[in-house]
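Residue numbers (this note's numbering): 432 to 1356.
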């Protein structure tokens, strides 16, 4: 069994006495460290090696005095030698080490003094041999007891998941499948973690069991591990009296993690080797939060090829939980720590009790990342509280705090719902792992052994579909302080029939269900859930909601569908992160653009709302304190109605001429021809040439290319009779429409010469592509002329003037499009009803607008300098010609000044001003 800290200090004092005054590097180093590791009851040869060869800087071979891969590097000198060169020498070994071998700790010693560096925590400790008993906790990593600062991009998490992935594949190939395989792997992870972090004593007990008690062919491994799982579920008093000592030393864990029986897996020699590779890995280094999502991906070989693509970084989780509740708790604790009155101690104790009473609920918890990081941060806060209480006790001469009563927080404060069983079980196990890590940190902090084995409490993670159950039955809303998480993102067009029905039912938007993203269902359900909490039963902090969402919920038509329903349920936006890149940079991970929304009850919302803005959607945000936040995540303080939403309208409300879509043939492709098909048709029927017109949609308008369309609306019957190939196409269109399941399309079969939408311009017309890349600063807008027929993928306006072109191509209009318009995937989608018909115009006369004509002409002239370039080339975010960019900038400044004499410093300012103008338009201003 593990030695107590009191026993370790006693042994450290004996070690210090035995080695006092000694110090010959060459002859005594190995004996010295054999005895030092024995202070902790750990054989040094089990974990480390002496005189490890390594290639140093300058390609010279060196030898590390003591090397524990990934943990400790020792550079030893003889008594009285200066340790400064020793530090330089130690660092010279680092370039020759693999990433996973790089040590966290660096120890320099001359036998009578020590310098210990924690390279992860950036901490240093210096003490003499005689002082070792007082500083022995700093060497607790020898027992696997150490502080952990997990890194988002730490390759050990990926390596660990790959090791499990190889074992998973081998077991699956052998016919071990489904629930048993998943449960077996979850338990195995706990055992591997326990083996390296002090839960199993001595260290590597599980690894030794596999190495020494199983055959090389692996045939008996399944039976051994299954027996061990059963043992871990059996209290000591219920175990067989004749159980041998090697197995008896495994602790009773609890009746939850290892309770359910599983089928015994069958191993072979290769699978045994996979397991031993996993055992040899140092599992104390993994992050329970990040590793959980990586571990989930081992269940799919294709997903595992993109390791790192599915975990949420700790940094991004903190962006949710910090403004949601952590910052408030931190501010309260700092205020308590600063007190010097007689109430300080009682208030600190009350604060700690409140931490232990708070409950957290993630209704789409996945592998539990949000819950795990939340638990860690709360435990770190509690450690600060305990530190203050302990200092008060010592200062007043009271008895030191009892280790058994140190922490009031536990994993049963955390609740989650997850639709898939495997990640739900991972979440439970990872929370227990984080609990042990924080208990270890507590032990190190106060020099007392603090463990929770057997596990007394369990997180409550339910395997269910959160949208098909009553959250109040799972966790009464009066008991819930914080709702948080990262619900699934599924756009309206990509939802399954079941998902679509769920959104339709929850949002109550009628049979169509609107265009709401799937994540909206979680916001609406959470709003209903919290609305049920009576004011007198509401906790001091909460109830609050903090969800990650696609940015679709704060732009386009979804805003008017979602936010009035949330506001009607008494919610207010308390904080928000505007659009930024969510995810990690690991192995080519493609970023997803998201927002974070923090909601609370209207009568409990903070006076100043917090808005985090990202200048380039990456990097660190800029924080603003605002009086009110609009659903578009802009300052609503100047609006009469801070809940204002822009609604789609069928006609312009701004006085602009009507914008329409181009022709929509609904022809099954029979009227649309490529250049080659056109040439083939004309070779057979030259008289068809006047009937073939250039056909241009967004793709051709922006990138070039050639398509043609048959325009038969006014064809002479006699001509058509002489064109059998054209007649074949007409017949094919009629047949296509007749076979449609749509009644309106079937009716179109009666007029096959007409398109569904017939737009045949007779004069030059303005063109706006329906979809344009989000990487462009400006959506390319321009003119086309007959005989071109525009497709329904562009918006057109005949008779457009240069001043109107100037307004529509300006930064003001682009800002309105980006914030108010919807998106197709991440690309801008130009909606007539949402963007054009609602765009607020400046309150100026026609004379002021006419002054924009030369600036608009300058933009068009700058384009004309590049006759072979496409609009996509000209408006590339990097390759945009300087003269064209400057012409746009000059136009932007002029348009800005029409709206406000001082202009605008940012897009956000433009949108806030435009929302104010929109509100005035609605009220006749």
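Where a beta carbon is used, it is the ideal one built from N, C-alpha and C, also for glycine.
Within its own chain, the residues whose Cβ lies closer than 7 Å to the Cβ of residue 1250, once the five positions on either side in sequence are excluded, are 986, 1063, 1342, listed in chain order.
Proximity to residue 591 across 1277, 609, 855, 717 peaks at 717, based on C-alpha coordinates.
Counting the other CB atoms within 10 Å of its CB gives residue 1038 a total below 16, which places it among the exposed residues. As summarised for the stretch 1287-1325, there are no continuous beta strand (DSSP E) elements at least 3 residues long confined to that stretch. The way I'd put it, the stretch 1029-1044 does touch the stretch 989-1004; three or more beta-carbon pairs between them come closer than 8 Å. Contact between residue 1205 and residue 1224 does not hold, since the beta-carbon distance rounds to 17 Å and is not under 8 Å. Checking the DSSP bridge columns, you'll see residue 555 partnered with 548. Annotation for residue 800: no beta strand (DSSP E) segment contains it, though the alpha helix (DSSP H) segment containing it runs 800-826. CA-CA distance, residue 1028 to residue 597, rounds to 39 Å. In the DSSP assignment, residue 1010 falls within the unbroken beta strand (DSSP E) covering 1002-1013. For residue 1044, the enclosing beta strand (DSSP E) starts and ends at 1040-1044. Beta-bridge pairing by DSSP links residue 480 to 498. For residue 860, the enclosing alpha helix (DSSP H) starts and ends at 852-877.
For the 8 Å CB-CB criterion, residue 906 and residue 790 form a contact.
Residue state for residue 632 is assigned as coil, using DSSP reduced to three classes. Excluding its 5 nearest sequence neighbours in each direction, residue 1331 has C-beta neighbours in its own chain below 8 Å: 1344, listed in chain order. Look at residue 1131 here: in three-state DSSP terms it is helix. Within the same chain, Cβ atoms closer than 6 Å to the Cβ of residue 652 are found at 645, 698, 703, the five residues on either side in sequence being excluded. Sorting 820, 794, 811, 788 by C-alpha distance to the C-alpha of residue 777 places 820 at the top. For residue 1234, the enclosing alpha helix (DSSP H) starts and ends at 1233-1239. In terms of Cα proximity to residue 1259, the closest of 1217, 1120, 853, 1199 is 1199. Here residue 626 carries a helix assignment [DSSP, helix/strand/coil]. DSSP places residue 438 in the helix class (H, G or I) of the three-state scheme. Spatial neighbours of residue 957 in its own chain (CB-CB distance under 6 Å, excluding positions within 5 residues in sequence) are listed in chain order as 914, 976. Within the DSSP bridge table, the entry for residue 507 names 540 as partners. Following the DSSP letters along the chain, one finds residue 464 inside the alpha helix (DSSP H) bounded by residues 456-470. With 16 or more neighbouring CB atoms inside 10 Å of its own CB, residue 866 falls in the buried class. When rounded, the separation of the alpha-carbon atoms in residue 1026 and residue 1012 is 9 Å. Under the three-state reduction of DSSP output, residue 1066 falls in the strand class. Under the three-state reduction of DSSP, residue 653 is assigned to helix. The beta carbon of residue 953 lies closer than 7 Å to those of 794, 795, 918, 978 in the same chain, with the five residues before and after it left out.
For residue 1076, the closest of 997, 1044, 549, 1047 by C-alpha to C-alpha distance is 997. Burial check for residue 1182: the Cβ neighbour count within 10 Å stays below 16, so the residue is exposed. Collapsing the DSSP output to three states places residue 1183 in coil. Of all C-beta pairs linking the stretch 1114-1125 to the stretch 1298-1318, fewer than three are shorter than 8 Å, placing the two stretches out of contact. Judged by beta-carbon spacing, residue 443 lies within the 8 Å limit of residue 563, meaning their Cβ atoms are closer than that value.
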